[in-house]
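In the numbering used here, the protein residues as written are 37 to 243.
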């Protein structure tokens, strides 16, 4: 009699859940390696060795090293944009309060995992499609900033091209501040967020 095609659960965990656990474990190891040693040191062999998973499980999810690196970058992008949006939405209130909350959420996430900033700012020219993903990440963050900057009384009229330029300017400046902050850790995330909000409002006024 033929056996059914039902996939067994092991320890109460389905096959799909086990696959997802392996995928997330591989990506977590990739994030650690990228943050620790840089993108150049990421290899399929190294990822499998550090994760304790065999090659078969790697290729179950990723066609090659480049696809894996893109998946790591995508996870970080989604995490950082969610940190901004969720913190702002939870805060409510005036725009400066929401902007401060958004930046505090962003910085708190970075503070918990400094590897994220290295991933967001690495030279990715050697990985097909990754430079575009980095630009998309900055654009998504800028979009969040635009939504806040446009509400400031000092900001240009809604839809004005200068609003987006101001947001991109602010994102670039915030990234430089974050780079110095990660090296010095001289402020709490909320304190740096206050600085960033003041500069954002000043940039909007100047615009």
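For each residue, glycine too, the CB sits at the ideal point set by N, CA and C. Values in this document were obtained by computation on a predicted structure and should not be read as measured data.
So who's on the other strand from residue 207, going by DSSP bridges? Your numbering for residue 207 matches position 171 in the chain shown. None, per the DSSP bridge assignment.
What do you get for residue 37, buried or exposed, if any count of 16 or more other CB atoms within 10 angstroms of its CB means buried? Within the chain shown, numbered from 1, the residue matching residue 37 stands at position 1. At residue 37, the pLDDT of 44 sits below 50, so the modelled position is not reliable and the matter cannot be decided from this model.
To the nearest whole angstrom, what separates the beta carbons of residue 228 and residue 143, a pair I think is in contact under 8 Å? One-based indexing of the chain shown puts residue 228 at position 192. One-based indexing of the chain shown puts residue 143 at position 107. The pair is a contact, with the Cβ atoms about 6 Å apart (cut-off 8 Å).
Specify the secondary structure class of residue 232 as computed by DSSP and reduced to three states. Taking the first residue of the chain shown as position 1, residue 232 is located at position 196. If DSSP states are grouped into helix, strand and coil, residue 232 belongs with the helices.
Can you tell me the Cα-Cα spacing of residue 130 and residue 184, whole angstroms? As a working mapping, residue 130 is identified with position 94 in the chain shown. As a working mapping, residue 184 is identified with position 148 in the chain shown. So the two alpha carbons sit approximately 10 Å from each other.
Reduced DSSP secondary structure (H/G/I, E/B, other) of residue 40: For the purposes of this step, residue 40 is taken as the residue at position 4 of the chain shown. Any answer about residue 40 is weak, because its pLDDT of 47 lies below 50 and its placement is not dependable; what the coordinates show is given next. The answer is coil: DSSP assigns residue 40 none of H, G, I, E or B.
Pop quiz: residue 181 and residue 203 are said to be a contact at Cβ under 8 Å. What is the actual Cβ separation, rounded to whole angstroms? Locating residue 181 in the chain shown gives position 145, counting from the first residue. Locating residue 203 in the chain shown gives position 167, counting from the first residue. So it is a contact: roughly 4 Å between Cβ atoms.
Given that a residue counts as buried once 16 or more other Cβ atoms are within 10 Å of its Cβ, and exposed if not, what is residue 150? Counted from its first residue, the chain shown places residue 150 at position 114. Flag for residue 150 reads exposed.
Does the beta-carbon of residue 221 have 16 or more other beta-carbons within 10 angstroms, so that it is buried, or is it exposed? Translated into the one-based positions of the chain shown, residue 221 becomes position 185. That one is exposed.
Kindly indicate which three-state DSSP category residue 240 falls into: helix, strand or coil? Within the chain shown, the letter at position 204 stands for residue 240. Note: residue 240 maps to helix in three-state DSSP.
Rounded to whole angstroms, what's the CA-CA distance from residue 126 to residue 146? Just pull it up for me. Your numbering for residue 126 matches position 90 in the chain shown. Your numbering for residue 146 matches position 110 in the chain shown. Spanning the two alpha carbons is a distance of roughly 19 Å.
For residue 120 versus residue 138, is the C-beta distance shorter than 8 Å? On the chain shown, position 84 is the one that residue 120 refers to. On the chain shown, position 102 is the one that residue 138 refers to. Contact flag set, yes.
Proximity to residue 116 [Cα-Cα], best of 153, 132, 59 and 219: Working through the chain shown from its first residue, we reach residue 116 at position 80. With distances taken between Cα atoms, residue 116 lies closest to 153.
With respect to the alpha helix (DSSP H) encompassing residue 94, which residues constitute its N-terminal and C-terminal limits? As a first step, residue 94 is located in the chain shown; it is residue number 58 there, counting from the start. Its alpha helix (DSSP H) spans residues 91-95.
Spatially closest choice to residue 237 from 86, 205 and 211, by CA coordinates: Counting from one through the chain shown, the residue named residue 237 turns up at place 201. It is 205 whose Cα lies nearest to the Cα of residue 237.
In the DSSP assignment, the alpha helix (DSSP H) including residue 58 goes from what residue to what residue? Taking the first residue of the chain shown as 1, we reach residue 58 at position 22. Here the alpha helix (DSSP H) through residue 58 covers 51-73.
Have a look at residue 75 and residue 161 and give me their C-alpha separation to the nearest angstrom. Translated into positions along the chain shown, residue 75 becomes position 39. Translated into positions along the chain shown, residue 161 becomes position 125. About 11 Å.
Using only alpha-carbon positions, find the residue among 198, 73, 104 and 71 that is nearest to residue 84. Mapped onto the chain shown, residue 84 falls at position 48. Of the listed residues, the one whose Cα sits closest to residue 84 is 104.
I'd like to confirm something about residue 130: is its beta-carbon nearer than 7 Å to some heavy atom of the ligand PLP, or not? Judged by which ligands are present, the structure shown has none, so any question about the ligand PLP falls away.
Applying the 10 Å Cβ sphere with the 16-neighbour rule, what's the burial state of residue 124? Taking the chain shown and counting its residues from 1, the one referred to as residue 124 is at position 88. So residue 124 counts as buried.
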